Every structure is written in structure tokens, then in C-alpha cells.
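Numbering (full-length UniProt numbering), first residue to last: 1 to 567.
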């Protein structure tokens with residue numbers, strides 16, 4: 001049985017707890033915030049909405065407009081078709097003018113039989129010879145009526161690739177031929193008894209002429225076949241005009257040739273390890289030995305020329321010093337050291353001067369104590385540096401070591417060497433013996449290569465346009481592309497018509513416009529600016545602004561949802 005004291009204690013504890021609970025509830029009632037009015041709720045929501053309205057209706061459109069990338073429309077399908085070689089199949093119809101010394105009916109019969117013989121010999125359909133019979137021999141730069149395959153057409157003598165002069169003789173072996181070295185002329189000597197009869201279907205004289213013409217243009221056919229074989233979709237990779245051995249030879253030669261440019265800068269440099277010779281009559285030497293060659297190339301490229309003299313020019317420290325050879329009685333350099341002969345660290349040879357690429361020709365005059373200086377393996381004194389220039393070591397005769405000025409006649413061997421190196425660097429064919437024919441061959445090869453190069457650049461630009469949508473494409477790029485396509489069409493048409501100089505001019509412009517479009521500065525700069533960089537730029541700026549707006553919107557949305565559920 002509980003005592004009265006325990007009962008009183010329990011009653012007192014209960015009373016105390018009840019009093020504490022009542023006091024705590026009263027305190028909470030006094031500290032709780034008043035309920036928000038409907039006007040305050042709508043005011044807060046209106047403020048949040050106004051901020052979002054400014055962002056969505058004003059901020060985003062302004063940002064989109066100011067940061068949008070402008071991309072001009074490009075004819076992508078045409079560009080791709082040009083790159084694939086679908087829009088232009090280069091052909092090279094060469095007109096051969098025959099100047100007869102016989103009656104007209106005999107001349108027409110000889111031309112017809114010769115044409116059939118040429119067609120039978122030709123295995124390269126893109127390159128074909130077309131004979132024309134002229135009625136006025138030795139007429140230059142004039143337009144006249146000629147017969148091609150029995151049809152009378154209009155022809156300009158400047159478009160003739162070769163002139164065949166028929167010369168009737170009474171003595172000597174016939175038929176025989178002679179190709180002029182400095183004129184695109186083939187002299188064919190024959191006797192009157194060798195003329196074909198009107199009823200004949202073949203002729204030894206016509207076959208002889210056809211074989212001579214095929215030989216004259218064999219090197220050109222091989223170079224054009226090689227050029228076509230290296231292009232996408234080429235079908236002429238294996239023809240009798242281009243054997244495997246010839247393909248390998250031309251491929252090796254192509255590694256030496258300079259890339260085509262409208263203008264080249266030629267630098268002729270004299271280097272000497274001592275103080276002599278200190279000068280050279282380079283102006284007279286260039287005028288005598290090189291100027292005529294540069295004039296011959298003027299239809300393909302332009303040239304600027306300068307010269308310099310560098311005394312106390314030492315060998316490159318990366319090569320071994322010359323060694324004396326008892327058998328050659330000369331100081332020698334090893335073949336493996338020729339590539340390091342140029343002392344690029346000390347010799348003033350800038351990589352590019354002026355508008356076009358620089359071609360360096362170095363004349364090195366060794367010191368008297370190391371003269372003569374030759375290449376050990378072949379006893380030569382000159383070598384070619386592919387796609388760069390050439391070097392010639394001038395060993396002065398004994399007793400002339402005190403000569404301070406090199407005369408033009410002293411420079412003759414070096415100038416001849418530099419001329420040969422120049423023709424190799426420009427890709428001039430080695431055959432035939434006629435220089436004008438070799439230059440005209442180079443003209444046709446350059447025209448075709450520029451068409452292929454410009455077409456390839458268009459294809460590369462189309463790929464960049466499609467694969468990189470983040471780069472801008474200004475209107476001038478579209479204009480350059482349109483200009484390129486226009487000039488490519490004209491160049492291709494002139495090729496088909498046999499007007500190769502005009503084809504080269506349009507191909508040159510097409511190449512220049514294509515390069516201009518592809519290397520547009522605003523495009524090149526954006527290529528190296530990926531999307532990750534944009535995120536890194538925008539995040540620090542937009543983060544502090546976006547977080548309060550997003551959190552306020554989420555809180556308000558949560559309150560709305562809670563109010564809906566409480567109803």
C-alpha cells in the first residue's frame with residue numbers, strides 16, 4: 001500500500017510537466033511568423049516570373065543573335081564532284097601542222113594516212129595528235145583554214161604544238177627527220193617516189209612520220225599518264241604509255257620538283273671561307289646564261305632574282321671536314337655529308353623572300369688550301385637539293401687564288417649547272433631534244449596539275465564545311481568557291497579545245513581562289529576553338545546568375561505543388 005508521501009510526489013511531478021508543456025506551446029505560438037498574404041505570394045511570383053521573362057524573351061534571343069555563326073551556302077555537291085573527278089576528264093588534243101611541198105591532193109592523202117597510223121600507235125586516249133594540212137607554209141600568228149580529218153576548220157598557228165615541214169630531196173637517205181633544237185619544228189625529208197597513191201590504204205612515208213611523232217611526244221604522254229594515274233578515280237594507271245618502270249622513274253622525279261607557284265624568287269649566293277673572291281660579275285653572267293631560259297618559262301611562271309656575297313663562310317659543324325684523296329689528287333666530301341653542307345645557322349639563306357617561294361643557288365669557292373674540292377663517290381662538284389635549290393663548287397685554277405672578282409666567263413660552268421638544276425626543279429621533261437616542245441609539255445602538265453590541285457582543295461573545303469558546323473563561313477569564301485568552279489570549267493574547256501596557254505591561265509586563277517577560300521583566316525581560327533572552350537567561357541559568367549533563378553523557381557514550384565495537394 002503506497003504511502004501518502006509518494007502519492008503527493010507523483011501528483012506534483014505531473015503538475016510540473018503539464019505546466020512546462022503549456023509554457024513551451026505558448027512560446028512557439030509567439031515566435032511563429034505570420035501567414036503570408038495572397039498579395040505577397042503573387043508579388044513574389046511576379047518578381048520571379050519577370051526575371052525569367054527577361055532571360056527567356058530578351059536575354060536568350062540577344063545571346064543567340066550575337067553569338068550565332070554565319071555560314072554562307074556553298075555548292076557542296078559540285079565541290080565534291082570536282083574533287084572526285086566527275087566534272088572534268090582532261091584531254092590533250094595536240095594539233096600538228098603539216099607544211100607540204102607537194103600538190104594539195106597528195107598532201108591530203110598523206111595527212112589522212114599518217115593520221116590513221118598515229119591512231120593505231122596511240123595507247124593513251126586522253127592524249128591524241130591531230131594532223132592539219134596548212135595551205136600557207138611559214139605563216140605565223142595568223143588564223144587560216146585547215147583540214148582536220150577531211151573537215152575544214154579555223155586554226156590559229158599559235159595553238160599548233162608542232163610543225164612538220166615536208167622537204168623533198170633528190171639525194172641522201174629518205175625518209176629521214178630532224179627535230180629543231182630551238183623551234184617546235186620537225187623536218188621530214190622524202191623523195192617524190194615515196195608519196196602515197198590516191199588509192200593506197202597505207203604508206204611507208206606516213207608510217208615513218210607517225211612513228212617519229214609518237215617518239216617526239218612519248219615523254220609527254222608518260223608524264224600526263226602518270227599525272228592522271230595519281231588522281232582519284234583515275235583509269236589510266238596502266239597503259240603502254242606508262243610502264244611500271246617509267247611510273248617509278250617519274251615518281252622519283254616528282255619528289256625533286258617544286259610545288260607550282262605563279263612567281264618564284266631566285267637567289268644566287270657566293271660563299272667563300274676566306275676574304276677572296278670578294279665580288280662576282282653576276283649580272284653579266286645571268287644575262288648571258290640564264291635570262292633566256294627564264295624568258296622561256298615566262299608563260300608558266302614569273303621570276304624575281306637577287307644575289308649576295310658572304311665571306312668567311314665556314315662549313316656546317318655537323319659534317320666531317322674535307323679529306324685529301326691521293327687517287328683523285330683532290331680534297332673530297334662524302335656523299336652522306338652533302339645534305340648537311342649548307343650551314344643554315346650562319347649562312348644568310350632566308351626561306352622565303354618576296355611573293356613566291358625562294359629557290360637558292362649556291363656557288364661555293366673553296367680556300368686555296370682545300371682546292372680542288374670534289375665529291376668523293378663520283379668526283380663531281382655540284383648536286384641538287386630537292387625542292388630547295390642547288391650547290392656548285394667552283395674550283396679556281398691554280399695561280400688564280402688571288403683573284404678578288406669573278407668574271408662572267410669564270411662563272412660559266414656554274415651558270416650552266418644552275419640552269420640544269422633549275423629545269424629539274426621546275427619539272428621540265430628530259431625529252432625531246434627541242435626546248436620549245438619541252439616547255440609546251442610542261443605547260444600542259446602544269447595546267448592539268450593545277451586543275452587537279454584546285455579540285456582537291458574544293459573537296460577538302462567541302463569536308464571541313466560538313467564535319468565542322470561550328471566554324472563560320474563568310475561570304476568571301478563562297479565567292480572564291482564560285483570563282484574557282486567558274487575558272488575550272490573554263491580551264492577544262494580550253495584543254496579540250498587545245499588552247500593550253502589559256503587553260504593554264506584559268507587553272508592558275510582557280511588554284512589561287514581555292515587556296516584563298518580554304519585558308520580564310522576567320523575559318524582557320526575557329527578550327528582550333530572547340531565547344532569545350534565555349535563552356536569554359538560561359539560557365540563562370542552564367543553560373544552565379546542562373547543558380548538563384550533556378551533555385552527560386554524550383555522553390556516556388558514546390559510550394560505550388562504542396563498547396564495543391566493540401567486542398
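Each residue gets a CB set at the ideal place from its N, CA and C atoms; glycine is no exception. Note that the coordinates shown come from a computational prediction; the quantities given were computed from them, not determined experimentally.
Just curious, the beta strand (DSSP E) that residue 302 is in, first and last residue? 302-310
Go ahead and pull the three-state DSSP assignment for residue 561. helix
Nearest neighbour of residue 262, chosen from 208, 118, 304 [CA to CA]: Of the listed residues, the one whose Cα sits closest to residue 262 is 304.
Close-in-space but distant-in-sequence residues of the same chain around residue 88 (CB under 6 Å, 5 per side omitted): 492
Skipping 5 residues on each side, what residues in its chain have a beta carbon closer than 8 Å to that of residue 310? Excluding sequence positions up to five before and after residue 310, its CB lies within less than 8 Å of the CB of 269, 270, 271, 272, 347, 348, all in the same chain and listed in chain order.
With which residues is residue 267 paired in a DSSP beta bridge? 306, 360
If you draw a straight line from the C-alpha of residue 509 to the C-alpha of residue 393, how long is it? 39 Å
Given residue 330 as reference, the closest of 374, 259, 215 once Cα atoms are compared: Out of 374, 259, 215, 374 has the C-alpha closest to the C-alpha of residue 330.
I need the straight-line Cα distance from residue 553 to residue 48, nearest angstrom please. In a straight line, the C-alpha of residue 553 is about 7 Å away from that of residue 48.
Terminal residues of the beta strand (DSSP E) in which residue 330 lies: 330-333
DSSP on residue 386, reduced to helix/strand/coil? coil
Going by DSSP, name the residue or residues bridged to residue 484. For residue 484, which the question treats as bridged, DSSP gives no partner whatsoever.
Using DSSP bridges, identify the partner residues of residue 325. 330
Could you give the first and the last residue of the continuous alpha helix (DSSP H) run that contains residue 211? 204-216
Which of helix, strand or coil DSSP assigns to residue 236: Low local confidence applies: a pLDDT of 45 at residue 236 is under 50, so the model's placement there is unreliable, and no value is given.
DSSP state of residue 554, grouped into three classes? DSSP places residue 554 in helix when its eight states are reduced to three.
Can you tell which of 285, 356, 452 has the C-alpha that lies nearest to the C-alpha of residue 416? Ranking 285, 356, 452 by Cα distance to residue 416 puts 285 first.
How many whole angstroms separate the CB atoms of residue 454 and residue 514, which I take to be in contact at a CB cut-off of 8 Å? 4 Å
Should residue 335 go down as buried or exposed, given a rule of 16 or more other Cβ atoms within 10 Å for buried? exposed
What is the DSSP secondary structure of residue 280, reduced to helix, strand or coil? In the structure shown, residue 280 sits in a strand (DSSP, three-state: E or B).
Inter-residue CB distance, residue 188 and residue 495 (contact presumed, cutoff 8 Å): Between residue 188 and residue 495 the beta-carbon gap is near 28 Å, outside 8 Å, which marks them as no contact.
In whole angstroms, what separates the C-alpha of residue 295 from that of residue 76? 40 Å
Report the three-state DSSP secondary structure of residue 112 (helix, strand or coil). helix
Determine the closest residue to residue 381 out of 414, 409, 42, with distance taken between C-alpha atoms. 414
Go through its chain and collect everything with a Cβ distance to residue 176's Cβ below 8 Å, but skip five positions before and after it. 188, 189
Jot down the residue ranges of each uninterrupted alpha helix (DSSP H) in the segment 434-491, minimum 4 residues, whole runs only, in chain order. 435-467
Going by beta-carbon coordinates alone, are residue 107 and residue 209 separated by less than 9 Å? no
Can you tell me the Cα-Cα spacing of residue 247 and residue 328, whole angstroms? The alpha-carbon of residue 247 is positioned some 37 Å away from that of residue 328.
Inspect the beta-carbon positions of residue 200 and residue 109 and report whether they are closer than 9 Å. Yes, these two residues count as a Cβ contact at 9 Å.
Can you name the start and end residues of the beta strand (DSSP E) that residue 177 belongs to? Counting along the chain, the unbroken beta strand (DSSP E) around residue 177 starts and ends at 176-179.
Just checking, does the segment 357-369 make contact with the segment 385-392 on the three C-beta pairs under 8 Å criterion? yes
What are the start and end residues of the beta strand (DSSP E) that includes residue 185? 185-190
From 125, 277, 487, residue whose alpha carbon lies closest to that of residue 410: The shortest Cα separation from residue 410 among 125, 277, 487 belongs to 277.
Select from 258, 125, 225 the residue whose C-alpha is nearest the C-alpha of residue 242. 225
CB-CB under 8 Å to residue 450, same chain, minus the five flanking residues each way: which ones, in chain order? Cβ neighbours of residue 450 beyond the five flanking positions: 260, 491, 504, 507, 508, 510, 511.
Reference residue 313; option with closest CA among 534, 345, 488, 203: 345
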